[in-house]
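**Student:**
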Amino acid sequence: MKDIFVKDVKEYIGQEVRLKGWVRNIRHSGKLLFIIFRDGTGELQSVAFKPDLGDEMFEAAKKLTLESSLIICGTPKTHQKIEGAFELSITKVDVVQYAEEYPISKKDHGPDFLLTNRHLWIRSSKQWAILQIRHTIYYAICEYLNNNNFYRFDSPILTPNACEGTTTLFDLDYFDEGKAYLSQSGQLYLETGIMSLGRVYDFGPVFRAERSKTRKHLTEFWMMDAEAAFVEHDENMEIQEGLIRYVIRTVLEKCLPELNILERDIEALRRADAPFKRMTHREAVDYLRARGSEIEHNGDLGAADEAMLTEGSDVPIFIEKWPKEIKAFYMKRDPENPELVLGNDLIAPEGFGEIIGGSQREDDHDVLLGRMIDEKMPIESYQWFLDLRKYGSVPHSGFGIGFERLITWMSGIRHIRETIPFPRMIYRIYP
RNA sequence: UCCGAAAUAGCUCAGCGGUAGAGCGGGUGGCUGUUAACCACUAGGUCGGGGGUUCGAAUCCCUCUUUCGGAGCCA
């Protein structure tokens, strides 16, 4: 007998097959028993009829509890009541383990309880759907970059020095070398990679010790940084747009069942796959002030400002050319206005907020050194970074995607904590 | 760090000064098409900790703890 996965049942209509998995739900009605079976690839209603199974096996199956593990044999057929769905006529049930009383019931639960039981919560259908989408987006990003001549170049997670102020860094003792820190961005290391490989990206966990307490923040999250030699500001945004639109199309193509489980507004996602809007920071501020925002002319966008900007927009919006005071030291100055830098943020529609930060990088040694002195940075720690501007410096640009924020938007869920298997937040590190 | 809210059965909540409640989950039984199945019966509680007011506190007051939501910071 052939072992198959739930996602493939439609190819085995009428043939007896074997599946291995767990009980999502079970109902019985006299001589009939319905097992909602899941195996990681999907779920399948399986029906047992007492005379077919025999008294002993039927009674054993009837005792199955939520999340019990089992191996079932049966014949796939079309669902009697739901068009386009399949079900399994059970011929044999082998119980692997009768699960103890499962903590997560079929009724509602609060977030605290669910997060404490996160190791079990990930089995439920919505969490399963989000994790499927996470997987799909991960590979879509890698695929797009690989097809556009980017090479994977992994940045270190343990780093010797602070990149932007030590208050937001987790530190630890590193043998006899003093303090080491968990990386909050691989970007500076990525800039070294382009001088070897031309175009590079990394993808890994980064850490921010900010005492943030919002639905958009995690202390440990995954970031994809990309960096490309000889790419300037406008082309940088074109790459970002191409990547995000590719991700949208891939998710729509591969994850429709998952989007439906999550009750995602699929049309809204479709509409986002169109040319993105572009605004300068100045234009954005004027637009917001005309609508009552109290944002300063050289100020950063608040959460309410981001929401107001994207209200009524189907597509994400690039905000470019920021005042240099509120952006990082490594961003290149706008040749048309030395008060501005060639940076861009990308703000997702539907109120999901910032998902990308990017910029053209300063490639002139002396200008960069001047900016670092202005910021009172420890120059000797960054000598390697300055070296890049001495040995074959080129114009270059890059950007970083907050992976979980992108998943939040694609999935249309409310809180970023559901997009990662084990969220790390200011008041939570278990499990 | 600041502002706001909450804590009662395993879970979600109601009760807001006078004998501790419901739904789900658990247990037992019933049902040949169920869809968070249904029906009947059943077990299950130091009302977050401490202190106070009162004849009487889950309920009012003080305090501590924990959590949640939002702001800021950022992706």
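Under the working numbering, the first residue of the first sequence is numbered 1, with each subsequent residue one higher.
Just so you know, even glycine gets a beta-carbon here, dropped at the ideal spot from N, CA and C.
Under 7 Å Cβ to Cβ from residue 62, same chain only, skipping five residues before and after it: list those, please.
**Tutor:** Taking the first residue of the first sequence as 1, we reach residue 62 at position 62. Hits under 7 Å: 28 and 33.
**Student:** Taking its Cβ as the centre, do 16 or more other Cβ atoms sit within 10 Å of residue 418, making it buried, or is it exposed?
**Tutor:** For the purposes of this step, residue 418 is taken as the residue at position 418 of the first sequence. Under this definition residue 418 is a buried residue.
**Student:** Note the first and the last residue of the continuous alpha helix (DSSP H) segment covering residue 238.
**Tutor:** By one-based count along the first sequence, residue 238 stands at place 238. Here the alpha helix (DSSP H) through residue 238 covers 233 to 254.
**Student:** Buried or exposed for residue 222, please, with buried defined as at least 16 other CB atoms from any protein chain shown within 10 angstroms of its CB.
**Tutor:** Residue mapping note: residue 222 aligns to position 222 of the first sequence, counting from 1. It counts as buried.
**Student:** Give me whichever residues DSSP pairs with residue 87 in a beta bridge.
**Tutor:** Here residue 87 refers to the residue found at position 87 when the first sequence is read from its first residue. For residue 87, which the question treats as bridged, DSSP gives the partners 45 and 77.
**Student:** Measuring CB to CB, does residue 24 end up less than 9 Å from residue 125?
**Tutor:** Here residue 24 refers to the residue found at position 24 when the first sequence is read from its first residue. Here residue 125 refers to the residue found at position 125 when the first sequence is read from its first residue. Yes, these two residues count as a Cβ contact at 9 Å.
**Student:** Please state if the CB of residue 359 and the CB of residue 377 are separated by a distance shorter than 9 Å.
**Tutor:** One-based indexing of the first sequence puts residue 377 at position 377. One-based indexing of the first sequence puts residue 359 at position 359. Result no, Cβ atoms of residue 377 and residue 359 do not sit closer than 9 Å.
**Student:** Taking DSSP as the reference, what is the three-state secondary structure of residue 398?
**Tutor:** Here residue 398 is taken as the residue at index 398 of the first sequence, counted from 1. The answer is strand: DSSP assigns residue 398 an E or B state.
**Student:** Please tell me whether residue 301 and residue 284 are closer than 9 Å, where the distance is taken between their beta carbons.
**Tutor:** Locating residue 301 in the first sequence gives position 301, counting from the first residue. Locating residue 284 in the first sequence gives position 284, counting from the first residue. For residue 301 and residue 284, yes; Cβs fall inside 9 Å.
**Student:** With distances taken from CA atoms, which of 6, 87, 159 and 333 is nearest residue 47?
**Tutor:** On the first sequence, residue 47 is found 47 positions in, with the first residue counted as 1. It is 87.
**Student:** In chain order, which beta strand (DSSP E) runs of at least 3 residues are fully inside the segment 195 to 226?
**Tutor:** Qualifying beta strand (DSSP E) stretches, in chain order: 199 to 207.
**Student:** Give a yes or no on whether the C-beta atoms belonging to residue 408 and residue 216 are separated by under 9 Å.
**Tutor:** As a first step, residue 408 must be located in the first sequence, where it is residue number 408. As a first step, residue 216 must be located in the first sequence, where it is residue number 216. In this structure, residue 216 lies closer than 9 Å to residue 408 by Cβ.
**Student:** So, does the segment 168 to 178 touch the segment 246 to 260, judging by three or more C-beta pairs under 8 Å?
**Tutor:** No, because fewer than three Cβ pairs between the segment 168 to 178 and the segment 246 to 260 fall closer than 8 Å, the two stretches do not touch.
**Student:** Assign residue 7 to buried or exposed, taking buried as 16 or more other Cβ atoms, counted over all protein chains shown, within 10 Å of its Cβ.
**Tutor:** Counting from one through the first sequence, the residue named residue 7 turns up at place 7. Under this definition residue 7 is an exposed residue.
**Student:** From this set, 375, 294 and 306, which residue's C-alpha is nearest residue 345's C-alpha?
**Tutor:** As a working mapping, residue 345 is identified with position 345 in the first sequence. Of the candidates 375, 294 and 306, the one whose C-alpha sits nearest the C-alpha of residue 345 is 306.
**Student:** Check the DSSP bridge columns for residue 95 and list the partner residues they point to.
**Tutor:** As a working mapping, residue 95 is identified with position 95 in the first sequence. Its beta-bridge partners are 70.
**Student:** So for residue 174, helix, strand or coil by DSSP?
**Tutor:** The residue labelled residue 174 in the question sits at position 174 within the first sequence. Residue state, collapsed to three classes: coil.
**Student:** Between residue 400 and residue 357, how many whole angstroms is the CB-CB distance? I'm expecting something under 8 Å.
**Tutor:** For this step, residue 400 is matched to residue 400 along the first sequence. For this step, residue 357 is matched to residue 357 along the first sequence. Their Cβ separation, rounded to whole angstroms, is 6 Å, which keeps residue 400 and residue 357 in contact under 8 Å.
**Student:** Answer with buried or exposed for residue 96, where buried requires no fewer than 16 other C-beta atoms within 10 angstroms of its C-beta.
**Tutor:** Residue mapping note: residue 96 aligns to position 96 of the first sequence, counting from 1. Classification of residue 96: exposed, given that the 10 Å Cβ count is below 16.
**Student:** How is the beta strand (DSSP E) around residue 180 delimited, first residue to last?
**Tutor:** To locate residue 180, count along the first sequence from 1; it is residue 180. Its beta strand (DSSP E) spans residues 179 to 182.
**Student:** If you draw a straight line from the alpha carbon of residue 272 to that of residue 354, how long is it in whole angstroms?
**Tutor:** Residue numbering aside, residue 272 sits at position 272 when the first sequence is read from its first letter. Residue numbering aside, residue 354 sits at position 354 when the first sequence is read from its first letter. Rounded to the nearest angstrom, the two C-alpha atoms are 15 Å apart.
**Student:** Grab the span of the beta strand (DSSP E) containing residue 4 for me, first residue to last.
**Tutor:** Translated into positions along the first sequence, residue 4 becomes position 4. Counting along the chain, residue 4 falls outside any beta strand (DSSP E), and DSSP gives it neither H nor E.
**Student:** Do residue 314 and residue 348 have their beta-carbon atoms positioned less than 9 Å apart in this structure?
**Tutor:** Residue mapping note: residue 348 aligns to position 348 of the first sequence, counting from 1. Residue mapping note: residue 314 aligns to position 314 of the first sequence, counting from 1. Cβ distance not < 9 Å, so residue 348 and residue 314 don't count as in contact.
**Student:** Let me know if residue 134 comes out buried or exposed under the rule of 16 or more other beta-carbons within 10 Å of its beta-carbon.
**Tutor:** Working through the first sequence from its first residue, we reach residue 134 at position 134. Residue 134 should be labelled buried.
**Student:** Do residue 5 and residue 39 count as a contact pair if the criterion is CB distance below 9 Å?
**Tutor:** Counting from one through the first sequence, the residue named residue 39 turns up at place 39. Counting from one through the first sequence, the residue named residue 5 turns up at place 5. Yes, they are a contact pair.
**Student:** Going by alpha carbons, who is nearest to residue 75 out of 44, 338, 197 and 103?
**Tutor:** Locating residue 75 in the first sequence gives position 75, where the first residue counts as 1. For the residues 44, 338, 197 and 103, the minimum Cα distance to residue 75 belongs to 44.
**Student:** Should the segment 188 to 201 be regarded as contacting the segment 374 to 389, the criterion being three or more beta carbon pairs within less than 8 Å?
**Tutor:** Segments in contact, yes.
**Student:** What residues are listed by DSSP as bridge partners for residue 57?
**Tutor:** Taking the first sequence and counting its residues from 1, one reaches residue 57 at position 57. According to DSSP, which records beta bridges pairwise, residue 57 is partnered with nothing at all.
**Student:** Using a Cβ-Cβ cutoff of less than 8 Å, which residues in the same chain neighbour residue 364 once the five nearest sequence positions on both sides are dropped?
**Tutor:** As a position in the first sequence, residue 364 is number 364, starting the count at 1. Counting only Cβ-Cβ distances below 8 Å, and skipping sequence neighbours, we find 389 and 393.
**Student:** Rounded to whole angstroms, what is the Cα-Cα separation between residue 77 and residue 21?
**Tutor:** Taking the first sequence and counting its residues from 1, the one referred to as residue 77 is at position 77. Taking the first sequence and counting its residues from 1, the one referred to as residue 21 is at position 21. Using only the alpha carbons, I get a separation of about 19 Å.
**Student:** Using beta-carbon positions only, say whether residue 182 and residue 207 come within less than 9 Å of one another.
**Tutor:** In the first sequence, the residue the question calls residue 182 occupies position 182. In the first sequence, the residue the question calls residue 207 occupies position 207. Cβ distance < 9 Å, so residue 182 and residue 207 count as in contact.
**Student:** Near residue 102, which residues of its chain fall below 8 Å by C-beta distance, leaving aside the five closest residues on each side in sequence?
**Tutor:** Translated into positions along the first sequence, residue 102 becomes position 102. Excluding residues within five positions, the ones whose Cβ falls inside 8 Å are 65, 66, 67 and 120.
**Student:** What residues are listed by DSSP as bridge partners for residue 382?
**Tutor:** Translated into positions along the first sequence, residue 382 becomes position 382. Beta-bridge pairing links residue 382 to no other residue.
**Student:** Is the separation between the beta-carbon of residue 397 and that of residue 235 shorter than 9 Å?
**Tutor:** Here residue 397 refers to the residue found at position 397 of the first sequence. Here residue 235 refers to the residue found at position 235 of the first sequence. Yes, they are a contact pair.
**Student:** Check each candidate in 104, 342 and 264 and name the one with the smallest Cα separation from residue 279.
**Tutor:** The residue you call residue 279 lines up with position 279 of the first sequence. Here the closest residue by C-alpha is 342.
**Student:** Classify residue 211: buried if its beta carbon has 16 or more other beta carbons within 10 angstroms, exposed otherwise.
**Tutor:** Stepping through the first sequence from its first residue, residue 211 is reached at position 211. Looking at its Cβ environment, which holds fewer than 16 other Cβ atoms inside 10 Å, residue 211 is exposed.
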